[in-house]
Amino acid sequence: MERKQLAPGVYITALDAAKFNRCRITIHLRFPARRESATDAAVLALVLERGYAACPDMTALSRRLAELYGADLGVDLSNAGTDRVLSADICGIKDAYALAGENLTDAYADIVFGTIFDPYLVDGVFDAEAVRIETETQARRLEAEFNSKRLYCVRQARRKFFGNSPAGIELGGYPAELVHVTPASLKAEYDRILSSATIDVMVQGADPARVADLLLQKLQGIARDPQPFAPPMGMPATAVQQYREEIPGLTQAKLCMLFTAGENADPPSVSILRVAMSVLGGSATSRLFRNVREKQSLCYYCGSAAQRATGVMMIDSGVEPGREAQAEAAILAEWEALKNGPITQEEVNDCRRGLLSGMDALGDSLAALESWYYGQITRGEPLYPPEYGKVLTSAVSLDEVRQTLQSYSYSVCYAVTAKPGTQGKGGAEDVQ
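Heads up: the sequence shown at position 120 corresponds to 132 in the working numbering, and the numbers run straight through without jumps.
Set out below in structure tokens:
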């Protein structure tokens, strides 16, 4: 596969999909996040999914997708370090399987590009009723955060950790600012994204040359000033900040511990991070799972993850209320043991097997393959298949695992626990 540049800040990548009877076209717009318009960006993704100029409402769009043998359309907003990525994707059967010989590639491209480049507008701005509905939808989503205590604890910890830094801008926006979202403010954010974004189109099982032609047609007349990707960042090392929040009637306490690798301009490769996290807490044979969860029975779940672009490592767990400090101490002990004590080749190999198996499974899904390759684009890496990812993962050494874990310093601990005297019954809440 090759990432081909079509215009400044516009690229197309054709991926092999010969084994599939379906095709997929995805467009990613990566743009700089802004605190003042984060809420508009979150609502915009919801509004765009409702329809576009040729199918101006959800009913017309659903009918059109049904006509195309039940094609699927999705719009999403996600993080890429301190940038944002607005994505639209469509998936349906290949042209070869069309019963009447329809040109499905053109139809799919018309929908997915129409969603991004030809939104349904009324008097030059987004439809007021659609904006009202989706603003209310986003309000409910933000309110629902508190109902998942695991998610709530993680997000509270991240807010304390990142503070006012660019990585601290909320992906879903801010509840108090939803009242300021208007059809005009949404159009202003849309115009900013379209102008500043780096555009990547990923094509699987469709004619990439035809898709490229249709993309360039859509871009004609659009003022573009694509911005470079934000570089990796990190939060400086500080003394540990401890936070505790008590909630009446809570059954299972939540503990989120965040670590920083500091302001490292050259973070470890994603292969090294994957193996290091798998050994620490990312697998069923990890130290945290075997020792903290199974042997000491201190956690209902306990896992680790790391983000290369923001230099953060997270360990989150569900514990019995009142045992948060005990669980925290046990987790830190395992981290210290891996940093300073022996790491056996056998345990690294056990953890590595799960990663290699997961890479084998990537070839079974168009969406998984597309995500694999776009992840490399966001990291500025040359494109390589999962098979080579397995080679890189297999080459990670014990010293690289140790050095990666040694690079972190403990920064924030956020605990959500039961208010004394109100603890609920049982312990299965949010077990994952």
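By construction, the Cβ of each residue, glycine as well, lies at the ideal position given by its N, Cα and C atoms. Here the structure is a predicted model, which means the values were calculated and not measured.
Quick one: what does DSSP say Asp212 is sitting in, helix, strand or coil?
Indexing the sequence shown from 1 puts residue 212 at position 200. Reduced to three states, the DSSP call for Asp212 is strand.
Does Gln232 come out as helix, strand or coil in the three-state DSSP assignment?
The residue you call residue 232 lines up with position 220 of the sequence shown. Gln232 falls in the coil class under three-state DSSP.
Among Ser383, Thr147, Val304, Val408, which one has its Cα closest to the Cα of Pro397?
The sequence position of residue 397 within the sequence shown is 385, counting from 1. Measuring from the Cα of Pro397, the nearest candidate turns out to be Ser383.
Which residues in the same chain as Leu80 place their Cβ atom closer than 6 Å to its Cβ, once the five residues preceding and following it in sequence are excluded?
For the purposes of this step, residue 80 is identified with residue 68 of the sequence shown, where counting begins at 1. The beta carbon of Leu80 sits closer than 6 Å to the beta carbons of Gly104, Ala119 from its chain, once the five residues preceding and following it are set aside; these are given in chain order.
CA-to-CA distance, Glu346 to Arg299, given in whole angstroms:
Sequence index remark: in the sequence shown, residue 299 carries index 287 (1-based). Sequence index remark: in the sequence shown, residue 346 carries index 334 (1-based). Answer to the nearest angstrom: the Cα atoms are 7 Å apart.
For Tyr132 and Tyr64, which I take to be in contact (beta-carbon distance under 8 Å), what is that distance rounded to the nearest angstrom?
Counted from its first residue, the sequence shown places residue 132 at position 120. Counted from its first residue, the sequence shown places residue 64 at position 52. Between the beta-carbon of Tyr132 and that of Tyr64 there is about 6 Å, and that keeps the pair under the 8 Å contact cut.
From what residue to what residue does the beta strand (DSSP E) around Phe158 run?
Taking the sequence shown and counting its residues from 1, one reaches residue 158 at position 146. Phe158: not part of any beta strand (DSSP E); DSSP gives it neither H nor E.
Cβ neighbour criterion (16 or more within 10 Å) applied to Ile39
Position 27 of the sequence shown holds residue 39. Label assigned to Ile39: buried.
In chain order, what residues of the same chain lie with their CB nearer than 7 Å to the CB of Val149, ignoring the 5 residues before and after it?
To locate residue 149, count along the sequence shown from 1; it is residue 137. In the sequence as presented, Val is not what sits at residue 149; that position holds Thr. Only Leu58 meet the Cβ criterion.
For Cys268, I'd like the list of residues in its chain whose CB is within less than 7 Å of its CB, leaving aside the five on either flank, ordered along the chain.
Taking the first residue of the sequence shown as position 1, residue 268 is located at position 256. Closer than 7 Å at the Cβ level, and outside the excluded window around Cys268, lie Cys165, Val166, Ala169, Met326, Asp328, Tyr426.
Closest by C-alpha distance to Ile102, when choosing among Thr405, Ser281, Ala218, Ala341:
Position 90 of the sequence shown holds residue 102. That would be Ala218, whose Cα lies nearest to the Cα of Ile102.
According to DSSP, is Gly438 helix, strand or coil?
The residue given as residue 438 occupies position 426 in the sequence shown. Low confidence applies to Gly438: its pLDDT is 44, below 50, so where it sits in the model is not reliable, and the reading given next is rough at best. In this structure, Gly438 counts as coil in the three-state DSSP scheme.
Where does Cys311 sit, in a helix, a strand or coil, going by DSSP?
The residue you call residue 311 lines up with position 299 of the sequence shown. Coil.
State the Cα-Cα distance for the pair Glu258 and Asn303, rounded to the nearest angstrom.
If you number the sequence shown from 1, residue 258 lands on position 246. If you number the sequence shown from 1, residue 303 lands on position 291. Going by the C-alpha atoms only, they are around 27 Å apart.
With H, G and I counted as helix, E and B as strand and the rest as coil, what does DSSP make of Gln444?
Taking the first residue of the sequence shown as 1, we reach residue 444 at position 432. Its pLDDT being 39, under 50, Gln444 is placed unreliably by the model, and nothing is read from it.
How would you call Arg62, buried or exposed, if buried means at least 16 neighbouring beta carbons within 10 angstroms?
Looking up residue 62 in the sequence shown gives position 50. Taking a 10 Å sphere around the C-beta of Arg62, we find 16 or more other C-beta atoms and assign the residue as buried.
The segment 409-418 / the segment 232-244 touching (three or more Cβ pairs under 8 Å):
By the Cβ test, the segment 409-418 is not in contact with the segment 232-244, since fewer than three Cβ pairs between them sit closer than 8 Å.
Beta-carbon contacts of Val215 that lie in its chain and below 6 Å, excluding the five residues immediately before and after:
For the purposes of this step, residue 215 is taken as the residue at position 203 of the sequence shown. The residues are Ala26, Ile37, Val223.
Residues in the same chain with beta-carbon distance under 7 Å from Gly375, minus the five sequence neighbours each way, listed in chain order, please.
Indexing the sequence shown from 1 puts residue 375 at position 363. Spatial neighbours of Gly375 in its own chain (CB-CB distance under 7 Å, excluding positions within 5 residues in sequence) are listed in chain order as Leu381, Pro398.
Rounded to whole angstroms, what's the CA-CA distance from Val443 to Gly315? Just pull it up for me.
Taking the sequence shown and counting its residues from 1, the one referred to as residue 443 is at position 431. Taking the sequence shown and counting its residues from 1, the one referred to as residue 315 is at position 303. Note that Val443 scores a pLDDT of 39, beneath 50, so its modelled location is shaky; the value from the coordinates is reported in the next line. Rounded to whole angstroms, the gap between the alpha carbons of Val443 and Gly315 is 12 Å.
Quick one: give me the first and last residue of the alpha helix (DSSP H) that Pro398 is part of.
For the purposes of this step, residue 398 is taken as the residue at position 386 of the sequence shown. Run containing Pro398: 398-406, per the alpha helix (DSSP H) assignment.
Per-residue burial, Gln418 [other beta carbons within 10 Å of its own, 16 or more giving buried]:
The count along the sequence shown starts at 1 and reaches residue 418 at position 406. Exposed, by the Cβ-count rule.
Which runs of the alpha helix (DSSP H) fall wholly inside the segment 268-307 and span at least 4 residues, in chain order?
Whole alpha helix (DSSP H) segments, 4+ residues: 282-292.
Do Glu146 and Val213 have their C-beta atoms closer together than 7 Å?
Taking the first residue of the sequence shown as 1, we reach residue 146 at position 134. Taking the first residue of the sequence shown as 1, we reach residue 213 at position 201. When the beta-carbon positions are compared, Glu146 and Val213 stay at least 7 Å from each other.
At least three beta-carbon pairs within less than 8 Å, the segment 330-337 to the segment 284-298
Between the segment 330-337 and the segment 284-298 there are fewer than three C-beta pairs closer than 8 Å, too few to call the two in contact.
When the distance is taken between beta carbons, is Val137 closer than 7 Å to Ala53?
For the purposes of this step, residue 53 is identified with residue 41 of the sequence shown, where counting begins at 1. For the purposes of this step, residue 137 is identified with residue 125 of the sequence shown, where counting begins at 1. For the pair Ala53 and Val137, the CB atoms are not nearer than the 7 Å cut-off.
Roughly how many whole angstroms lie between the Cα atoms of Lys307 and Pro178?
On the sequence shown, position 295 is the one that residue 307 refers to. On the sequence shown, position 166 is the one that residue 178 refers to. A direct Cα-Cα distance of roughly 40 Å separates Lys307 from Pro178.
From what residue to what residue does the beta strand (DSSP E) around Gly104 run?
Numbered from 1 along the sequence shown, position 92 holds the residue referred to as residue 104. Note, Gly104: beta strand (DSSP E), 95-105.
For Ala342, I'd like the list of residues in its chain whose CB is within less than 8 Å of its CB, leaving aside the five on either flank, ordered along the chain.
Stepping through the sequence shown from its first residue, residue 342 is reached at position 330. Excluding the 5 residues flanking it on each side, Ala342 has same chain C-beta neighbours closer than 8 Å at Asn303, Val304, Gln308, Leu310, in chain order.
Start and end residues, beta strand (DSSP E) containing Ser329:
For the purposes of this step, residue 329 is identified with residue 317 of the sequence shown, where counting begins at 1. Its beta strand (DSSP E) spans residues 324-331.
If I'm right that Gln253 touches Lys172 with Cβ under 8 Å, what's the distance once you round it to whole angstroms?
For the purposes of this step, residue 253 is identified with residue 241 of the sequence shown, where counting begins at 1. For the purposes of this step, residue 172 is identified with residue 160 of the sequence shown, where counting begins at 1. With a Cβ gap of about 6 Å, Gln253 and Lys172 count as contacting.
Given Pro68, which residues of its chain have a CB within under 7 Å of its CB, disregarding the five upstream and five downstream residues?
Translated into the one-based positions of the sequence shown, residue 68 becomes position 56. Correct list, in chain order: Tyr132.
In the DSSP output, what is Gly185 paired with across the bridge?
Mapped onto the sequence shown, residue 185 falls at position 173. Beta-bridge pairing links Gly185 to no other residue.
How should Ser99 be labelled, buried or exposed, when 16 other C-beta atoms within 10 angstroms of its C-beta is the threshold for buried?
Within the sequence shown, residue 99 is the residue found at index 87, counting from 1. Looking at its Cβ environment, which holds 16 or more other Cβ atoms inside 10 Å, Ser99 is buried.
Tell me whether the beta-carbon of Thr434 lies closer than 7 Å to the beta-carbon of Gly323.
As a working note, residue 434 is residue 422 in the sequence shown. As a working note, residue 323 is residue 311 in the sequence shown. No, the pair does not count as a contact, with Cβ atoms beyond the cut-off.
Are Gly246 and Ala273 touching if we call contact CB-CB under 7 Å?
In the sequence shown, residue 246 corresponds to position 234, counting from 1. In the sequence shown, residue 273 corresponds to position 261, counting from 1. Against a cut-off of 7 Å, the Cβ pair of Ala273 and Gly246 comes out as a contact.
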